[in-house]
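Protein sequence lines, in the order shown, are assigned to chains H and W. First residue of the first sequence: 197, per this note's numbering; consecutive thereafter. First residue of the second sequence: 7, per this note's numbering; consecutive thereafter. Virtual Cβ for every residue (Gly too), placed ideally from N, Cα, C. A quick note: this is a predicted structure, and the numbers were derived from the prediction, not measured. Structure record follows, encoded as structure tokens.
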Amino acid sequence: MKPTIKVKNLSLSYDLEENKPREERIWIFKDLNFQIEEGEFILITGSSGCGKSSLMNMINGVIPNLKDAYTEGYVYILGKEMSHTTVRQRTRLVGSVFQNPREQIIFDQVADEIVFPMENLGKAPQEMQQILDELLRLTGLEKHAKTATLSGGEKQKLMTACTLGMGQKILILDEPLANMDARSSEELLKLLKKLSEEKGYTIILVEHREEIVLPYVDRVFSFVNSSAENVCKKIDIREDIEDYIEELRIVSTEGAKNTKERGNTEILFSVEQMDYRIGNRLLFNDFSWQIRRGEEWVVLGDNGCGKTTLFRLLNDFIKPNSGKISSLFSKKEKRKKLGYVLQNPDYQLFMPNVRSELYLRAKSPDFAEELIHLFRLETMLDRHPLSLSEGQKRKLGFACIIANEPEVLFLDEPTVGLDNASVEQLLHALDLLKTRSEKKLTVISISHDKRAIPHLGNRFLELSK
Amino acid sequence: MNNPEKNIHPILSLLFSLILFVTGLLFVKKPWFWIYLASFFLLFLLFCFGRTMLRLIPFVLILGALTAGLTAVNGKPSDILYAFYRVLAIALAGVLSISVKPIKLVRAFNQLKVPRWLTLGLLIVIRFMQIFYEEIQQIKQAIVVRGIRFTETPLLWARAFFIPLIVRVLNISEGLAISLETRAFSTESEGTSYEIIAFEKRDWLFTALFSACLLPFIYLSLGGLK
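Pasting the structure below:
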């Protein structure tokens, strides 16, 4: 096997001062060395904010070509040193799937989005049609579906399909499974495995949900932080995947059982014979559901089945086409007693620093303080919330909402992109809120994350397309 | 579901839209303006633009009432009527252009060898307006979720609205730039087209009927039948 990617003494810093001494610079990672062979399927893991995505961006050239950073060292692709190549040149060799698919979609129809990179590469219309049909079959997306009406998971599938259509033999995927349902994740992983085994594709996948990826990969690269310098100086490479799976003691969903018996607590929300459609898609047909105080629900279902839409309906952001949604809370009460953690924390953070963001709606300073310690935000209190890493922003967004001590908490994919330690922190914070609640806390969550589902609720609502 | 069969060639749509815009505003004060409007209305109905015209009714009513109302402040009754006619003329011109699918327009321009940076730039501008609208909706919902009300704390509301909006717009711009680069978009190479946007019989027929509708009014406006 020949090496496809080789990294030599690679270092990255977002400290842009050119002439700063090496030892004074704040590094994200330093002097990394590794090599990936043709046909290998690699999983990259590490804590939130440790630099996994940045490493991917250095391989595909986004750093430093499109994002400013101070870098040292070399990246070799197919034996060629890449320092002086543009992103476009590297794109001919490396295909990339990024986080936040919503920000990358250009066209308003699925088929146009998928064929766009193929048009740029000059593929013939017949070939494009063939690849498009195959990718649509694989992803289950509709050719003429409007991209604006796709769910988060469907958008992720769309961007993955775009990259697969380009046909590069080295693929970098940065958390492509983050919002995907179990079935779609498995299908994508099987396809990637097939590409690596049968066609010699080199696959590099960044993912926190190790439990679903591990059975497919050849090696695991873990970022290891040096305790002395708090910077990643080494990548721990594991080849004994089966032993690694054992060590992780993966959380299973067996403990999570649907508790049939219901108490006599008051009904907080009642959905009666509701219909709701987006364009031509009928998402809810004669749908009825009741949520009582103190219940803990997890809403499950494939991508695009209407989970987030259901949250928006319950929160009065949209109205059903027919049927009725009634609530114990008036519209005014809803604003005070309901908490809603959105999928994307960027929308909920706007104060000048982390401290003011957290205390803005905090009911009790003690609880806010407790959350600061739990999420290890002490060193970041004076930073702008939007300067934090994705994982840190997600934790802060969650902390801000629960600091208000709501009676009902809606959580939309709260653990996406979080490492295991952060998921534990988040679940612990939820427990703290439960113990503080004067009236029994009601939690309604959407999650595809097997690490979190058993702890988020004991009642399950499975939506189907 | 879109029905591409019912659209006219995108470049023809833009061209005819422009012609209707100019002629409509020129003919507003002519006594036969209503016949002009009615003839194109029938032509559009014949070519299945009924739904597009329905979509424009709120625009006509709101903008028409607004301009007519403003004119009424110190204008004559005929000026009020002309103000409303102008909105009707603009709406009529808009029927064809809003029925154009941006991607089809881009592909048609590409086939005419118009530079790709220009055509894709156009597409991104169109797309960005839609994204901008969606972002505003999301941010407004997030503000509600944080329990902030404009009537109680207007400054905080403004902060909660504009900071995420600016950040999101910057993130989306960066995301789109990266997305283009990593999907092999290049202004130097021409690329290929998934779909050939050709002139079809329907386009020729529309062109013939469009000309047949328009030419008599141009003749009349130039002083014919005196």
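Subject >> T198(W) to T267(H) span [Cα, whole Å] >> reply: 36 Å
Subject >> Simplified DSSP assignment, three categories, for V537(H) >> reply: strand
**OP:** Excluding the 5 residues preceding and the 5 following A625(H) in the sequence, name in chain order all residues of the same chain whose CB lies nearer than 8 Å to its CB.
**Re:** L567, L570, F571, F594, A595 and I598
Subject >> Inter-stretch contact (C-beta, 8 Å, three-pair minimum) for the stretch 154-163 of chain W and the stretch 132-146 of chain W >> reply: no
Original post:
Helix, strand or coil: how does DSSP classify I366(H) here?
Top reply: strand
Original post:
Beta-carbon of N13(W) versus every beta-carbon of chain H: anything under 9 Å?
Top reply: no
Original post:
Rounded to a whole number of angstroms, what is the C-alpha to C-alpha distance between Y139(W) and K353(H)?
Top reply: Each residue's alpha carbon lies about 24 Å from the other.
**OP:** Output yes if chain H places a C-beta closer than 9 Å to the C-beta of P16(W); else output no.
**Re:** no
**OP:** Determine the DSSP secondary structure at P16(W), reduced to helix, strand or coil.
**Re:** In the three-state reduction of the DSSP assignment, P16(W) falls in the helix class.
Original post:
How is N481(H) classed by DSSP in three states: helix, strand or coil?
Top reply: strand
Subject >> Spatial neighbours of Q544(H) in its chain, beta-carbon cut-off 7 Å, leaving aside the 5 residues before and after >> reply: L538, G593 and C596
Original post:
Within the 9 Å Cβ cut-off, does L20(W) reach chain H?
Top reply: no
Original post:
Cβ of K635(H) within 9 Å of Cβ of N600(H)?
Top reply: no
**OP:** Can you have a look at H280(H) and say buried or exposed, based on whether 16 or more other CB atoms are within 10 angstroms of its CB?
**Re:** exposed
Subject >> For F480(H) and K336(H), the rounded distance between their alpha carbons >> reply: In the sequence under discussion, the amino acid at residue 336(H) is Gly, which differs from the Lys named in the question. Near 19 Å, if we compare the C-alpha coordinates of F480(H) and G336(H).
Subject >> Residue from G519(H), E574(H) and L208(H) whose Cα sits closest to the Cα of I259(H) >> reply: L208(H)
Original post:
Using a Cβ-Cβ cut-off of 6 Å (strictly less than) and excluding sequence neighbours within five positions of L221(W), which residues of its own chain qualify?
Top reply: Excluding residues within five positions, none has a Cβ falling inside 6 Å.
Subject >> With 16 other Cβ atoms within 10 Å as the buried cut-off, status of W40(W) >> reply: By the C-beta density criterion, W40(W) is exposed, having fewer than 16 other C-beta atoms within 10 angstroms.
Original post:
Expressed to the nearest angstrom, what Euclidean distance is found between the alpha-carbon atoms of N616(H) and Q588(H)?
Top reply: 13 Å
Subject >> Beta-carbon neighbours of D308(H), restricted to chain W and to distances below 7 Å >> reply: I109
Subject >> Limits of the alpha helix (DSSP H) - the one that G500(H) falls within >> reply: Segment: none, G500(H) is in no alpha helix (DSSP H) and carries neither H nor E.
**OP:** Check each candidate in V112(W), G30(W) and L43(W) and name the one with the smallest Cα separation from I130(W).
**Re:** V112(W)
**OP:** Taking all protein chains shown into account, decide if V28(W) is buried (16 or more other Cβ within 10 angstroms of its Cβ) or exposed.
**Re:** Label assigned to V28(W): exposed.
Subject >> Interface partners of A190(W) on chain H, CB under 8 Å >> reply: R284, T287, R288, P313, N316, L317 and M362
Subject >> the stretch 351-380 of chain H: positions lying closer than 7 Å to chain W by Cβ >> reply: C358 and M362
Original post:
Can you tell me where the alpha helix (DSSP H) with Q231(H) in it begins and where it stops?
Top reply: Run containing Q231(H): none in the alpha helix (DSSP H); it sits in the beta strand (DSSP E), F225 to E233.
**OP:** Evaluate M576(H) with the Cβ neighbour count: other Cβ atoms within 10 Å of its Cβ, from every protein chain shown; 16 or more gives buried, anything less gives exposed.
**Re:** For M576(H), the number of other beta carbons within 10 angstroms of its own is at least 16, and it is reported as buried.
**OP:** Below 7 Å between beta carbons is the criterion; list the residues of the stretch 142-170 of chain W that meet it against any residue of chain H, in chain order.
**Re:** Q144, I145, Q147, A148, V150, V151, R152, G153, R165, A166, I169 and P170
**OP:** Could you tell me which chain W residues have their CB closer than 8 Å to the CB of N296(H), listed as they occur along the chain?
**Re:** Residues of chain W passing the Cβ test: N177 and G181.
Original post:
Contact check, A95(W) vs L31(W) under 8 Å by CB: the rounded distance?
Top reply: 6 Å
Original post:
Using a C-beta cutoff of 9 Å, does V639(H) count as contacting chain W?
Top reply: no
Subject >> Within chain H, the residues that R133(W) reaches when beta carbons sit closer than 9 Å >> reply: I301, I302, F303 and D304
Subject >> Chain-ordered residues of the stretch 518-534 of chain H with a beta carbon less than 7 Å from chain W >> reply: Listed by position along the chain: R531 and K532.
Original post:
Using a C-beta to C-beta distance shorter than 8 Å, which residues of chain H count as neighbours of S195(W)?
Top reply: N316 and G318
Original post:
If you pair each beta-carbon of the stretch 544-558 of chain H with each one of the stretch 510-528 of chain H, do three or more pairs fall below 8 Å?
Top reply: no
Subject >> Completely contained beta strand (DSSP E) runs for the stretch 561-629 of chain H, where each covers 3 or more residues >> reply: 604-608
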